[in-house]
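**Q** Quick note on UniProt numbering: the sequence shown kicks off at 1 and runs consecutively.
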Amino acid sequence: MEKEPLINEEAAPPHDHEQSQNARTRRSLNVRLAMIAAFTLGLILYIYRGIALDTVISHHDPSPSSTVDRILHETPLIDGHIDLLILIRAIYGNHIYDSNFTQPFEQGGMPAHFDLPRAETSQMGGAFWSAFVPCPADGFDFSDAAYAPFVKATLEQLDLFHRLADTYPKFFTLARSAAEAERNFFEHGKFVSPLAIEGLHQIGNSLATLRLFHSLGVKYATLTWNCHNRYADAAVVSIDGETQAAEPYHGGVSAAGRDLVLEMNRLGMLVDLSHVSVDTMRDVLGGSVEEKGWKGSLAPPIFSHSSAKAICPHPRNVPDDILELVKERDSVVMVNFSPDFVSCKASNSSSGLPELVEETNTIEHVVKHIMHIGELIGYDHVGLGSDFDGIPTTPRGLKDITNYKDIIQMLLDNGVGEKDAGKVAGRNLLRVWHEVDRVAARLQKEMDPIEDPLSPGIAGVAVEA
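#1: Take Trp433 as the anchor and find which of Leu412, Pro194, Pro339, His369 has the nearest alpha-carbon.
#2: Kindly identify the DSSP beta-bridge partner or partners of Arg396.
#3: Under a three-way DSSP split, which group does Val439 fall into?
#4: Going by alpha carbons, who is nearest to Ser347 out of Gln244, Val366, Val133, Asn403?
#5: Please classify Gly125: does DSSP put it in a helix, a strand, or coil?
#6: For Asp320, collect the residues of the same chain with a Cβ closer than 6 Å to its Cβ; drop the 5 residues on either side in sequence, then sort them by chain order.
#7: Just to confirm my understanding: we take Gly290, look at its own chain, exclude 5 residues before and 5 after, and list those with CB closer than 7 Å. What are they?
#8: Helix, strand or coil for Ala346? Go by DSSP, reduced to three states.
#9: Our contact map puts Thr402 next to Thr121 with C-beta atoms below 8 Å; I'd like the distance itself, whole angstroms only.
#10: Within its chain, find whatever has a CB closer than 7 Å to the CB of Arg230; leave out the 5 residues flanking it on each side and keep chain order.
#11: Across which residues does DSSP place Trp225 in a beta bridge pair?
#12: Can you grab the Cα-Cα spacing for the pair Glu418 / Ile71, in whole Å?
#13: For the structure I just gave you, are there three or more beta carbon pairs, one from the stretch 274-284 and one from the stretch 405-421, closer than 8 Å?
#14: Just to confirm the assignment: which complete beta strand (DSSP E) runs, minimum length 3, are found wholly within the stretch 186-220?
#15: Comparing alpha-carbon positions, which option in Ile203, Asn100, Leu430, Asp240 lies nearest Ala131?
#16: Let me check understanding here. Comparing Cα to Cα, which of Pro315, Cys227, Asp437, Ser306 lies closest to Ala146?
#17: Should Met110 go down as buried or exposed, given a rule of 16 or more other Cβ atoms within 10 Å for buried?
#18: By Cβ distance below 7 Å, which residues in the same chain neighbour His372 in space, the five residues on each side in sequence not counted?
#19: Around the Cβ of residue 484, are there at least 16 other Cβ atoms within 10 angstroms (buried) or fewer (exposed)?
#20: Given a threshold of 16 other Cβ atoms within 10 Å of its Cβ, counted over all protein chains shown, does Leu454 qualify as buried or as exposed?
#21: Identify, in the order they occur along the chain, each residue of the same chain with its Cβ nearer than 7 Å to the Cβ of Pro104, setting aside the five sequence neighbours on each side.
#22: Count the other C-beta atoms from every protein chain shown that fall within 10 angstroms of the C-beta of Asn100, then say buried if there are 16 or more, exposed otherwise.
#23: Go through its chain and collect everything with a Cβ distance to Leu41's Cβ below 7 Å, but skip five positions before and after it.
#24: By Cβ distance, which residues of its chain are closer than 7 Å to Asp452, with the 5 residues on each side in sequence left out?
#25: How would you label Pro136, buried or exposed, when you count the other beta carbons within 10 angstroms and need 16 or more for buried?
#26: With a CB to CB cut of under 6 Å and the five nearest residues on each side skipped, what residues in its chain are close to Gly217?
#27: Which of the three DSSP states, helix, strand or coil, is assigned to Ala246?
#28: Could you tell me which residues DSSP pairs with Gly241 in its beta bridges?
#29: Exposed or buried, what is Lys190 when buried is set at 16 or more other beta-carbons lying within 10 Å of its beta-carbon?
#30: Give me the Cα-Cα distance between Leu325 and Lys423, rounded to the nearest whole angstrom.
#31: Can you give me the start and stop residues for the alpha helix (DSSP H) that Met447 sits inside?
#32: Buried or exposed: Thr222, going by 16 or more other Cβ atoms within 10 Å of its Cβ?
#33: Have a look at the DSSP bridge pairing and note the partners of Leu356.
#34: In chain order, what residues of the same chain have a beta carbon less than 7 Å from the beta carbon of Met447, not counting five sequence neighbours either side?
#35: Per DSSP, which residues does Asp79 bridge with? Please list them.
#36: Determine, using beta carbons only, whether Glu359 comes closer than 9 Å to chain C.
Pasting the structure below:
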């Protein structure tokens, strides 16, 4: 989809951030054709069920067991990334009081993957709501002027969330700490609902803006979207409208990026490594300390919506050597449901991006990603980050938020213990969030906020005596 119209209010339904319109059309057709064989595929998966990751992940009864109900009663299932806010902007122009929005949102039938009736039946416990806005058309222009419209658009998206929270407090009450999130869920029956931004182009080169976003409820910031910025390198970039694997710009995190990560640590914002380059991942996770002399984030970072590169070799996914650093830093990777990152194989494309494999574009393959990470580094380090409402298609068996519990059931069916399944659902994210809060409490006693390097004057113009 053309992204710039979202800033100019020319709304169109949001689609996957990585795909071109032609590719989306072809893939949508492929999905419809593939559905013809879905029932047969389900029978085959049931017969040839297996636990090992090199065998087919087992099929399951579509009705989750009482064990799943108990797990999701005891642990909030928290999705690391839902794009509801940009969907509302694209389709409804951020107008949430008209019946064309309220009727489908409150009664059911909203486009894409989330509405209130589905939320009530899904057994989900919350989500990080992304206040996404796209990169500038020229992703290599890091100027304040280039970023200014995107700061404005971000504020509009944050305002949208706060208006949703006023209208639907059960689902959108902010959680500003892990302890508050748990109280909201267990004591008040409310969703765990922090905000997020998706790329530091959204702060307009300003730590002051980052702090203000944090004060409005933003609990994590993805360091990049599909463009480099002054702070860090991205995994993929868009050049002349074509998405491709990115060449290094800073070689990871820049000097300004190190200060920014420290300020995020001080604030208690989770540092999100989805969308970033492998060099950026390694730097923030502390894997470059001998080479670069920087220990990385002082608090464990997260991957809010990324999958395993060993299963699907997309630049957006996490390689096994980085997963080992995830374990060392007590971090968590929240597995993405986007078909591009779930089911793919290497290709000879000039873009450097892999090819979609429709045959394994299934819920079973999503579970395979989860189990790969869990078996490699432990189930303390994996969660769910769907990218719902930001992707045009989903794997078969994962039509929307009502299928979260099917994933938990499939993990149980494949030998994952109840305790580990609960960790995947939300305990891991809460553990990391608690540690981020502890680091912030310490740093706030030890250091002042990091100030932007502004010159004296007003709006960049020196003041005359």
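Every residue, glycine too, gets a C-beta built ideally from N, C-alpha and C.
**A** Let me lay it out:
#1: Per the Cα distances, Pro194.
#2: Thr362
#3: helix
#4: The shortest Cα separation from Ser347 among Gln244, Val366, Val133, Asn403 belongs to Gln244.
#5: coil
#6: Scanning its chain for C-beta atoms nearer than 6 Å, with the 5 sequence neighbours on each side dropped, one finds around Asp320 the residues Ala310, in chain order.
#7: First, the amino acid is wrong: residue 290 is Glu here, not Gly. Hits under 7 Å: none found.
#8: coil
#9: 6 Å
#10: Phe142, Asn205, Ser254, Ala256
#11: Cys227
#12: The C-alpha of Ile71 is placed about 7 Å away from the C-alpha of Glu418.
#13: no
#14: Runs of the beta strand (DSSP E) inside the stretch 186-220: 195-198.
#15: Ile203
#16: Cys227
#17: buried
#18: Leu53, Ala308, Ala310, Ile311
#19: This structure cannot speak to residue 484, because the chain is shown only from 1 to 465.
#20: exposed
#21: Met110, Asp115
#22: exposed
#23: The pLDDT assigned to Leu41 is 36, lower than 50, so where the model puts this residue is not dependable, and the model offers no usable value.
#24: Ser206, Leu207, Ala208
#25: buried
#26: If we look at Gly217 and ignore the five residues flanking it on each side, its Cβ neighbours are Leu174, Leu195.
#27: coil
#28: DSSP lists no partner for Gly241.
#29: buried
#30: 19 Å
#31: Careful: Met447 lies outside any alpha helix (DSSP H) and carries neither H nor E.
#32: buried
#33: Paired residue(s): Cys344.
#34: Arg266
#35: Asp79 is bridged to Ala127.
#36: Judged by its chain identifiers, the structure shown contains no chain C, having just a single protein chain.
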